[in-house]
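Asker:
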Amino acid sequence: MAWHLSGLDDLGDDFSASQGRGIVGPRTDFEVSDTENILGIVQAETIKVSVEVYDVNLSINMPEGPDGSLEFGTINVLDNKQQVLSLQNKGLYDIEYSFKLTTGSAKRGDLESPFTVRPQGAVLKASRPPVKVEVLFHPTTEMFLESKPILLCQVIDLKSGQGGETVATIPVRVSARAVYSKDSIEPASPIDFGAMVKGTKKRQVLIVENKGTLSFKFLIHRAPPLQ
Numbered sequence: 041m042a043w044h045l046s047g048l049d050d051l052g053d054d055f056s057a058s059q060g061r062g063i064v065g066p067r068t069d070f071e072v073s074d075t076e077n078i079l080g081i082v083q084a085e086t087i088k089v090s091v092e093v094y095d096v097n098l099s100i101n102m103p104e105g106p107d108g109s110l111e112f113g114t115i116n117v118l119d120n121k122q123q124v125l126s127l128q129n130k131g132l133y134d135i136e137y138s139f140k141l142t143t144g145s146a147k148r149g150d151l152e153s154p155f156t157v158r159p160q161g162a163v164l165k166a167s168r169p170p171v172k173v174e175v176l177f178h179p180t181t182e183m184f185l186e187s188k189p190i191l192l193c194q195v196i197d198l199k200s201g202q203g204g205e206t207v208a209t210i211p212v213r214v215s216a217r218a219v220y221s222k223d224s225i226e227p228a229s230p231i232d233f234g235a236m237v238k239g240t241k242k243r244q245v246l247i248v249e250n251k252g253t254l255s256f257k258f259l260i261h262r263a264p265p266l267q
């Protein structure tokens, strides 16, 4: 509780106080008397204190993998995949959320660029329907994450002072993998048909093998004529 002593300016230079304002901490006493304590306690004030106890309750629902993490699976480098989180304020008062990315621990790759959160932060009204938050995975190099808490959701209580106060930080574990397509073609170019009699046909076998972890499509077509 804060206190302030007013009216000293009206008393003139003959009166002074060692302290004009201050704060009385919880479960503490603050006694005011004259220097010689001649008069003793001359007045007692009753201070009414009202307190409200409330819970900040943020619910996060997301598509979970077998280990409970936000699962993106395996995609090709330069592809993208999106998952949607559902955030709902189940408390009595408005709160704010803010997502941040940590460096975490990954095998190769920069974590700041492969993930984008939209919207990254917003106010959640009390007793309103859930809000959708999109998390986009768009890797530019090979990387592997397995249940890493790289996504942090900060919960801000807007009733606590000016600008609010961060009352909780919820880690969201993420699993994601990005790989390059790997293939082989045999025989290697150029394909030699050797000498042939005019009007005859000869067949060669071209073997296309997928050596990666994801399926891919291929197309064989006639090359444009040489200039």
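The sequence shown stops at residue 267 when you use the numbering used here, and every number in between is there. Think of the CB as a built atom: it goes at the ideal place given N, C-alpha and C, for glycine as much as any other residue. All values reported here derive from a predicted model rather than from experimental measurement.
Assign Asp307 to one of three DSSP states: helix, strand, or coil.
Answerer: Residue 307 falls outside the range modelled here, since the chain spans only 41 to 267, and no answer is possible.
Asker: In this structure, how does DSSP classify Val91 when only helix, strand and coil are distinguished?
Answerer: Residue state, collapsed to three classes: coil.
Asker: When the Cα atoms are used, what is the spatial distance from Ile63 to Trp43?
Answerer: Roughly 6 Å separates the two Cα atoms.
Asker: In terms of residue numbering, what span does the beta strand (DSSP E) encompassing Val64 cover?
Answerer: That residue, Val64, is in no beta strand (DSSP E); it is neither H nor E in DSSP.
Asker: Can you tell me whether Ser187 is helix, strand or coil according to DSSP?
Answerer: Residue state, collapsed to three classes: strand.
Asker: From what residue to what residue does the beta strand (DSSP E) around Ser109 run?
Answerer: First-last for Ser109: undefined, no H or E at that position.
Asker: What would DSSP say about Pro211, mapped onto helix, strand or coil?
Answerer: Three-state DSSP puts Pro211 in a strand.
Asker: Give the straight-line distance between the Cα atoms of Thr181 and Thr253, rounded to the nearest whole angstrom.
Answerer: The straight-line gap from Cα to Cα measures roughly 15 Å.
Asker: Should Asn101 go down as buried or exposed, given a rule of 16 or more other Cβ atoms within 10 Å for buried?
Answerer: With fewer than 16 other Cβ atoms within 10 Å, it is exposed.
Asker: Along the chain, where does the beta strand (DSSP E) containing Met100 start, and where does it finish?
Answerer: At residue 100 the sequence reads Ile, which differs from the Met that was named. Run containing Ile100: 98-101, per the beta strand (DSSP E) assignment.
Asker: Buried or exposed for Leu164, going by 16 or more other Cβ atoms inside 10 Å?
Answerer: The residue is buried, with at least 16 neighbouring Cβ atoms inside 10 Å.
Asker: Where does Arg262 sit, in a helix, a strand or coil, going by DSSP?
Answerer: Here Arg262 sits in coil by DSSP.
Asker: Taking 8 Å as the cut-off, decide whether the C-beta atoms of Asn97 and Ser221 are in contact.
Answerer: Taking 8 Å as the Cβ cut-off, Asn97 and Ser221 do not qualify as a contacting pair.
Asker: Quick one: any contact between the segment 210-224 and the segment 113-131, if contact means 3 or more CB pairs under 8 Å?
Answerer: With the cut-off at 8 Å, the segment 210-224 and the segment 113-131 touch.
Asker: In whole angstroms, what is the alpha-carbon distance linking Glu174 and Gln160?
Answerer: Spanning the two alpha carbons is a distance of roughly 9 Å.
Asker: Identify, in the order they occur along the chain, each residue of the same chain with its Cβ nearer than 8 Å to the Cβ of Ser138, setting aside the five sequence neighbours on each side.
Answerer: Only Gln160, Gly161, Cys193, Gln194, Ile196 meet the Cβ criterion.
Asker: Any idea if Lys140 is buried or exposed, counting beta-carbon neighbours within 10 angstroms, 16 or more meaning buried?
Answerer: By the 10 Å Cβ count, Lys140 comes out exposed.
Asker: Would you kindly work out how many angstroms separate the C-alpha atoms of Asp232 and Phe256, rounded to a whole number?
Answerer: Looking at the two C-alpha atoms, the distance is approximately 27 Å.
Asker: Spatial neighbours of Asp107 within its chain, please: CB distance less than 6 Å, with the 5 preceding and 5 following residues excluded, ordered by chain position.
Answerer: The answer, listed in chain order, is Ser187.
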